[in-house]
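Chemist: Take the sequence shown: its letter number 169 is residue 175 in the working numbering, and every next letter is one higher.
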Amino acid sequence: MAPNNPQREAWRERAIEMYLPLAGHLAQRFRGRGESLDDLVQVAAVGLIKAVDGFDPDRKNDFISYAVPTIAGELKRHFRDKTWDIRVSRRVQELRQAILAVWDPLTQQLGRTPTAKDLAIHLGVTESEATEGLLSTNAYSALSLDTPIGVNESGNSITLSDVVGGPDDALVTAEERATLAPKLRELPKRKKQILAKRLFSDMTQAEIGADMGISQMHVSRLLNQCLTELSSE
Numbered sequence: 007m008a009p010n011n012p013q014r015e016a017w018r019e020r021a022i023e024m025y026l027p028l029a030g031h032l033a034q035r036f037r038g039r040g041e042s043l044d045d046l047v048q049v050a051a052v053g054l055i056k057a058v059d060g061f062d063p064d065r066k067n068d069f070i071s072y073a074v075p076t077i078a079g080e081l082k083r084h085f086r087d088k089t090w091d092i093r094v095s096r097r098v099q100e101l102r103q104a105i106l107a108v109w110d111p112l113t114q115q116l117g118r119t120p121t122a123k124d125l126a127i128h129l130g131v132t133e134s135e136a137t138e139g140l141l142s143t144n145a146y147s148a149l150s151l152d153t154p155i156g157v158n159e160s161g162n163s164i165t166l167s168d169v170v171g172g173p174d175d176a177l178v179t180a181e182e183r184a185t186l187a188p189k190l191r192e193l194p195k196r197k198k199q200i201l202a203k204r205l206f207s208d209m210t211q212a213e214i215g216a217d218m219g220i221s222q223m224h225v226s227r228l229l230n231q232c233l234t235e236l237s238s239e
């Protein structure tokens, strides 16, 4: 359809409204990296709009197969291009530079990926400081989330992903489950609205309840139902 085609415009508006919860869900996967969820959802929404505008329905491809990598790519680009210096203290900036300077030599010396404890000993700082430096460094984006940074009380390895967090366990991974799209379409209009308000507008349950004229408890029940339906096999 041509860009100015009325049918295209109508589809565009419907698609953006319908898939706002998907954008919010993908934003959840990038939590714990020094950005507020509200900022991440805004970035994801930009990715969604790009996906909607760049999608060609005439190719008869599933929209979600095109939208998910487009939205995820926008989020990844946000972190790749972002400068964190203004968000961290001078001490952490210095620690970050120190970690970057010793990372490769220490990796070669140890024959493995350095842990936070290794870095702490090598740099003469506490393990906590080394972990903080790891999380704030630009190496954070380059390192695998499986990078070990220490051990827990049970002696099991702790990785970056354990520290920085991840998506809500109640939500399915959109990139791994294309079934999310039809399930979103099957949700009643009211539940779609509640998901959009919670995930895209980052409204509290109480605010959603006041906006829709229902109780906070009712909103909570409906959200739980949505997550259950989206997560079901």
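The beta carbon of each residue, even a glycine, is placed where N, CA and C say it ideally should be.
DSSP state of Asp174, grouped into three classes?
Modeler: The sequence position of residue 174 within the sequence shown is 168, counting from 1. At Asp174 the pLDDT is 40, less than 50, meaning the model places this residue with poor confidence; the figure from the coordinates comes in the next sentence. In the structure shown, Asp174 sits in coil (DSSP, three-state: anything other than H, G, I, E or B).
Chemist: With distances taken between CB atoms, is the gap from Gly139 to Val108 smaller than 8 Å?
Modeler: As a position in the sequence shown, residue 139 is number 133, starting the count at 1. As a position in the sequence shown, residue 108 is number 102, starting the count at 1. Cβ atoms of Gly139 and Val108: not closer than 8 Å.
Chemist: With H, G and I counted as helix, E and B as strand and the rest as coil, what does DSSP make of Ala16?
Modeler: Stepping through the sequence shown from its first residue, residue 16 is reached at position 10. Note: Ala16 maps to helix in three-state DSSP.
Chemist: Just checking my contact of Arg18 with Val58 at CB under 8 Å: how many whole Å lie between their CB atoms?
Modeler: Translated into positions along the sequence shown, residue 18 becomes position 12. Translated into positions along the sequence shown, residue 58 becomes position 52. About 5 Å separates the two Cβ atoms, so the contact holds.
Chemist: Taking the C-alpha atoms as reference points, what is the distance between Arg196 and Arg39?
Modeler: Counted from its first residue, the sequence shown places residue 196 at position 190. Counted from its first residue, the sequence shown places residue 39 at position 33. Cα to Cα, Arg196 sits roughly 32 Å from Arg39.
Chemist: Can you tell me where the alpha helix (DSSP H) with Lys123 in it begins and where it stops?
Modeler: Taking the first residue of the sequence shown as 1, we reach residue 123 at position 117. 122–129 is the extent of the alpha helix (DSSP H) around Lys123.
Chemist: For Arg96, is the classification buried or exposed, using 16 other Cβ atoms within 10 angstroms of its Cβ as the cut-off for buried?
Modeler: Here residue 96 refers to the residue found at position 90 when the sequence shown is read from its first residue. So Arg96 ends up on the exposed side.
Chemist: Closest to Leu232 by C-alpha separation, out of Met218, Leu193, Gly215, Ser221, would be which residue?
Modeler: Along the sequence shown, read from residue 1 onward, the residue named residue 232 stands at position 226. Reading off the sequence shown, one finds Cys at residue 232, where the question assumed Leu. The option with the nearest alpha carbon to Cys232 is Leu193.
Chemist: For the alpha helix (DSSP H) holding Asp44, just list the boundary residues, first then last.
Modeler: Residue numbering aside, residue 44 sits at position 38 when the sequence shown is read from its first letter. Per DSSP, Asp44 belongs to the alpha helix (DSSP H) from 43–60.
Chemist: Which two residues bound the contiguous alpha helix (DSSP H) that contains Leu112?
Modeler: Reading the sequence shown from its first residue, position 106 is the one you call residue 112. For Leu112, the enclosing alpha helix (DSSP H) starts and ends at 96–116.
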